[in-house]
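The structure under discussion appears below in the form of structure tokens.
Protein chains: 2
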Amino acid sequence: MSSEEKAVTASRPENRQERKERTRRAILDAALEMLAEESFGTLSLRSLTKQVGIVPTAFYRHFATLDELGLSLVDESFMTLRDLIREVRSGEPAPETLIDHSVEVLVAQLETHKAHFRFIGRERHGGNAVLRDAIRHELGMFERELATDLARMPGLERWGAADLHVLASLFVDLMVAAAGELVSPSAEQPPVRRQLVDNLRNQARMIVVGAAGWKPLEP
Amino acid sequence: MSSEEKAVTASRPENRQERKERTRRAILDAALEMLAEESFGTLSLRSLTKQVGIVPTAFYRHFATLDELGLSLVDESFMTLRDLIREVRSGEPAPETLIDHSVEVLVAQLETHKAHFRFIGRERHGGNAVLRDAIRHELGMFERELATDLARMPGLERWGAADLHVLASLFVDLMVAAAGELVSPSAEQPPVRRQLVDNLRNQARMIVVGAAGWKPLEP
DNA sequence: ATTTTCAGTGAACATCCGTGCACTGAAAGA
DNA sequence: TCTTTCAGTGCACGGATGTTCACTGAAAAT
Numbered sequence: 014m015s016s017e018e019k020a021v022t023a024s025r026p027e028n029r030q031e032r033k034e035r036t037r038r039a040i041l042d043a044a045l046e047m048l049a050e051e052s053f054g055t056l057s058l059r060s061l062t063k064q065v066g067i068v069p070t071a072f073y074r075h076f077a078t079l080d081e082l083g084l085s086l087v088d089e090s091f092m093t094l095r096d097l098i099r100e101v102r103s104g105e106p107a108p109e110t111l112i113d114h115s116v117e118v119l120v121a122q123l124e125t126h127k128a129h130f131r132f133i134g135r136e137r138h139g140g141n142a143v144l145r146d147a148i149r150h151e152l153g154m155f156e157r158e159l160a161t162d163l164a165r166m167p168g169l170e171r172w173g174a175a176d177l178h179v180l181a182s183l184f185v186d187l188m189v190a191a192a193g194e195l196v197s198p199s200a201e202q203p204p205v206r207r208q209l210v211d212n213l214r215n216q217a218r219m220i221v222v223g224a225a226g227w228k229p230l231e232p
Numbered sequence: 014m015s016s017e018e019k020a021v022t023a024s025r026p027e028n029r030q031e032r033k034e035r036t037r038r039a040i041l042d043a044a045l046e047m048l049a050e051e052s053f054g055t056l057s058l059r060s061l062t063k064q065v066g067i068v069p070t071a072f073y074r075h076f077a078t079l080d081e082l083g084l085s086l087v088d089e090s091f092m093t094l095r096d097l098i099r100e101v102r103s104g105e106p107a108p109e110t111l112i113d114h115s116v117e118v119l120v121a122q123l124e125t126h127k128a129h130f131r132f133i134g135r136e137r138h139g140g141n142a143v144l145r146d147a148i149r150h151e152l153g154m155f156e157r158e159l160a161t162d163l164a165r166m167p168g169l170e171r172w173g174a175a176d177l178h179v180l181a182s183l184f185v186d187l188m189v190a191a192a193g194e195l196v197s198p199s200a201e202q203p204p205v206r207r208q209l210v211d212n213l214r215n216q217a218r219m220i221v222v223g224a225a226g227w228k229p230l231e232p
């Protein structure tokens, strides 16, 4: 009984930087877990490191400040968000099944990375200005990427930047709002969950109908 | 130089319950002010009462717990939200100017009661479960009220409950998202602000176009 | 074989926190 | 006039917080 490693397979020696990376991941995961029930502002360094299983001061070997940890969480949260549209894009752009497919992928990704979406939704308007600004910036970029994607779609080729911005921001707002709902504990119950997803699908459809009947703004 | 009352006019004696009510308001106002820069979870009773100008323990003469203070803030925040639709309703329901008028009223109300909207937006997905649930409940009621309002509008008389829910939730999501943006410090600059308001107006218009072309779901 | 690096340790610190308790003094009630 | 009520006071406590500093011991470099 030499040690209590988590790996079941006879664990190989493990590098020094490998071990460091493992602790760093443990910190990020512990933070994501704790942030399900509190906000970043109330997260204390002591309780976090206790959860990880290290001493408080060891935290500083991986992050200079708590804010830096938060920014890392923003980064990886938006990576899973980009995975989302990449997966939507990789499927066929069949115009009629696109909405249903997108909603399906969103719900799946949201289930797999619930903590990331909850973090974004919670800190987007939260008490920490650094995280707020970082999330606002990332969401802005995300919206612009979505706008360029939309520009390629049939029927939208002649739309101006302003029109594309209107539509993209509608979709982003919708996605953020839906994520916020689906992440809450009340959405654990399948009937409630189904109702929320159905509503999301219909909301997206109504927006699409609006886009189809939209009369572009500028010349 | 008897005392330092805030009233410029020779202040009348002031009742006992009047004085209590005044302190209560001072607590609520101090909280709203501090919550512009932190979240409810990080608000400490000591710093709050220091800002008010009373001793920490005096707080308990007005609220049993901090959560109770938060619930009072939820209550009065949603009162200003109800004032909003009441004012929109009180105007004429002229179908063509309705959107512009609504946006205008929203922006005005948002400017007058910025702290209330910020509070709702910040704590809606915040770390405090009691406030989250209270806000979710109030927003649900608000959405249902909006749905019954919409049911009376020309073109929507034959819509089912599900369709009305879709449209109402779209408007609520849009309003919440816009409020969150307009309340942020970057929206202080007039050009940014104008851009946000313009986009909001266009988003609302696109949704209306979608509603106009919507084909009701059930029989 | 020896030295250097460095993730993690453990004690100590000053500061802030919520809350219990006995109190004061003026307004309200008798 | 005398008594009761009660918003606000002042102190004291036990506990949690972030950060400092010198340290240990194994891995990496020499």
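Protein sequences, first through last, are from chains A and B.
Quick note: to get this note's numbering, add 13 to the position in the first sequence (first position is 1).
Quick note: to get this note's numbering, add 13 to the position in the second sequence (first position is 1).
For every residue, glycine included, the Cβ atom is placed at its ideal position computed from N, Cα and C.
* Distance cut-off 6 Å: A:Asn212 Cβ against heavy atoms of the ligand PLP -> With respect to small molecules bound, the structure shown includes none, and the ligand PLP cannot be examined in it.
* To do: Classify B:Met219 as helix, strand or coil using the three-state DSSP reduction.
  => It is helical.
* In its own chain, which residues sit with a C-beta less than 8 Å from the C-beta of B:Ser182, not counting the 5 before and 5 after it? -> Answer for B:Ser182: Glu156, listed in chain order.
* To do: Below 9 Å between beta carbons is the criterion; list the residues of the stretch 156-178 of chain B that meet it against any residue of chain A, in chain order.
  => So the list reads Ala175, Asp176 and His178, given in the order they occur along the chain.
* Compare the C-beta of A:Gln216 with all C-beta atoms of chain B and state if any pair is closer than 7 Å. => Yes, A:Gln216 lies at the interface with chain B (some Cβ there is under 7 Å from its Cβ).
* To do: Kindly indicate which residue of A:Arg207, A:Arg32 and A:Gln216 has the alpha-carbon position closest to the one of B:Val185.
  => Selected option, being the one with the closest Cα: A:Gln216.
* Asked: Using a Cβ-Cβ distance under 7 Å, would B:Gly54 count as near chain A?
  -> Closer than 7 Å to some Cβ of chain A, the Cβ of B:Gly54 qualifies, so yes.
* Taking the C-alpha atoms as reference points, what is the distance between A:Leu84 and B:Trp172? -> If I take the Cα positions, the gap works out to 46 Å.
* Asked: I think B:Leu58 touches B:Leu79, with their Cβ atoms under 8 Å apart; what is that distance to the nearest whole Å?
  -> Right, their Cβ atoms sit about 6 Å apart.
* Are the CB atoms of A:Ala164 and A:Leu177 nearer to each other than 7 Å? -> One thing to note: A:Ala164 has its Cβ within 7 Å of the Cβ of A:Leu177.
* Listed from N- to C-terminal order along the chain, which residues in the stretch 28-54 of chain A have their beta-carbon within a distance smaller than 7 Å of any beta-carbon of chain B? -> Cβ proximity to chain B below 7 Å picks out Glu51, Ser52 and Gly54 from the stretch 28-54 of chain A.
* Decide if A:Gly134 is buried, meaning its Cβ has at least 16 other Cβ atoms within 10 Å, or exposed. => Under this definition A:Gly134 is a buried residue.
* Asked: Looking at the structure shown, is B:Glu109 part of a helix, part of a strand, or coil, going by DSSP?
  -> Taken through DSSP and simplified to helix, strand or coil, B:Glu109 comes out as coil.
* **Helix, strand or coil at A:Gly168 [DSSP, three-state]** => A:Gly168: coil per DSSP, three-state reduction.
* To do: Compute the Euclidean distance between the alpha carbons of B:Phe91 and B:Glu151, then round it to the nearest angstrom.
  => The alpha-carbon atoms of B:Phe91 and B:Glu151 are separated by roughly 7 Å.
* Asked: Thinking just about the alpha-carbon of each residue, which of B:Arg102, B:Val65, B:Asp211 and B:Lys33 is nearest to the one in B:Glu158?
  -> For B:Glu158, the nearest C-alpha among the options comes from B:Arg102.
* **Cutoff 8 Å; reference B:Gly54; Cβ partners in own chain excluding five residues on either side** => Answer for B:Gly54: Gly139, Gly140 and Asn141, listed in chain order.
* Can you tell me which of B:Ala225, B:Ala49, B:His129 and B:Arg214 puts its alpha carbon nearest to the alpha carbon of B:Glu170? => Considering only alpha carbons, the answer is B:Ala225.
* Asked: Alpha carbon to alpha carbon, how far is B:Gln122 from A:Lys127?
  -> Straight-line Cα distance between these residues: approximately 35 Å.
* Sort B:His129, B:Pro106 and B:Pro108 by Cα distance to B:Asp96 and report the nearest one. => For B:Asp96, the closest of B:His129, B:Pro106 and B:Pro108 by C-alpha to C-alpha distance is B:His129.
* Where the stretch 134-153 of chain A meets chain B: residues whose CB sits under 7 Å from a CB there -> Along the stretch 134-153 of chain A, the positions whose C-beta sits under 7 Å from a C-beta of chain B are Gly134, Arg135, His138, Gly139 and Gly140, read in chain order.
* Have a look at B:Gln109 and A:Leu86 and give me their C-alpha separation to the nearest angstrom. => The amino acid occupying residue 109 of chain B in the given sequence is Glu; Gln does not appear at that position. Near 45 Å, if we compare the C-alpha coordinates of A:Leu86 and B:Glu109.
* B:Val120 and B:Arg214: beta carbons closer than 7 Å? -> The beta carbons of B:Val120 and B:Arg214 sit no closer together than 7 Å.
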